[in-house]
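For what it's worth, full-length UniProt numbering labels the leading residue of the sequence shown as 1, then goes sequentially. As structure tokens, the structure follows; a few thoughts come after it.
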Amino acid sequence: MLSIEQLVQYRQIFDSSLIKREAKIKLPSAINKTAHVGEPETHHFDLYGYKNAIDNQEHVALISGDVEKFDIPLVRIHSECLTGDVFGSLRCDCGPQLNHAKAMIAKEGGIILYMRQEGRGIGLLNKLKAYELQECGADTVEANHQLGFAADLRRYELSAFMLKDLGISKIKLITNNPDKIHALAKFGIEVIERVPLIVGQAEENISYMQTKKEKMSHLLDKE
């Protein structure tokens, strides 16, 4: 017999009613043909908004192409990074990753899931506190631990539910993080192919990138 805790866990993994699509709009958006070169072109995406009963955050799916005709689409699961995505921070590679993935999706068709998991799940203010610790010599993993958090608190069942809502069970995943592949498999999403995303490396984030490679097993070698 299953315990109540096991039943709750089962529901979180398999019950897609925990997430609900609330809105769908057309989103004309600027796409840079190449980084920092030339005038951006306009691409028309569909944007789906979701609410859920797990983390109570509002997540979105940015889609290029007819989702009903997708077979094995290109997918990027991108966790929110205010400093990188909006303010262009060079402390991380998040902004360039989002912009490059957006251009790839616009060209080939596919989906970006923009997940409100700031600071690898610890939240904006805690991420800024972690930055303060990094300025005193800690790396990203050490800073999280000093604040009492795991290195990465992100979860992927909501991403899986959003993909299932869109009728998707097999994907080509744009990622350098093998943990995403394993996590999605637990929730019924099969990653047929991993597509590397090696962008955004700069003098200001050498230590950050090295920590992701050495302590978090991110695949960052250019091949």
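The beta carbon of each residue, even a glycine, is placed where N, CA and C say it ideally should be. Since the model is a prediction, treat every value here as computed from it, not as a measurement.
Annotation for arginine 154: Ser79, Gln117, Arg120, Gly121 place their beta carbon closer than 7 Å to its own, counting only its chain and skipping 5 residues before and after. Per DSSP, reduced to three states, the secondary structure at asparagine 56 is coil, with no helix or strand assignment. When Cys136, Ile171, Asn205 are compared, the shortest CA-CA separation from leucine 113 is found for Ile171. In the three-state reduction of the DSSP assignment, serine 79 falls in the strand class. Apart from the 5 residues on each side of it in sequence, asparagine 52 sits with its Cβ closer than 8 Å to the Cβ of Leu18, Ile19, Lys20, His59, Leu158, Phe161 in its chain, given in chain order.
The residues Gly95, in chain order, have a CB closer than 6 Å to that of glycine 88 in the same chain once the five nearest residues on each side in sequence are set aside.
Here alanine 106 has Ile31, His43, Ser64 as same chain residues with Cβ atoms under 6 Å from its own Cβ, once five neighbours each way along the sequence are excluded. Taking glutamate 41 as reference, the option from Asp85, Ala103, Ala23 with the minimal CA-CA separation is Ala103. Taken in chain order, the unbroken stretches of beta strand (DSSP E) that lie wholly in the stretch 110-163 and span 3 residues or more are 110-115. Residue range 170-174 is occupied by the beta strand (DSSP E) that includes leucine 173, with no alpha helix (DSSP H) assigned at that position. Note that the C-beta distance between isoleucine 174 and valine 75 is below 8 Å. Per DSSP, the continuous beta strand (DSSP E) segment holding glutamate 22 begins and ends at 19-31. Taking the Cα positions, proline 196 is about 14 Å away from asparagine 99. Under the three-state reduction of DSSP, leucine 74 is assigned to strand. Rounded to whole angstroms, glutamate 142 and aspartate 221 show a C-alpha spacing of 23 Å. In chain order, Asn144 place their CB closer than 8 Å to the CB of alanine 150, counting only its own chain and leaving out the 5 sequence neighbours on each side.
Counting the other Cβ atoms within 10 Å of the Cβ of aspartate 71 gives fewer than 16, which makes it exposed. Isoleucine 181: not part of any beta strand (DSSP E); member of the alpha helix (DSSP H) spanning 178-186, first to last residue. Counting only the Cα atoms, glycine 167 lies some 30 Å from glycine 123.
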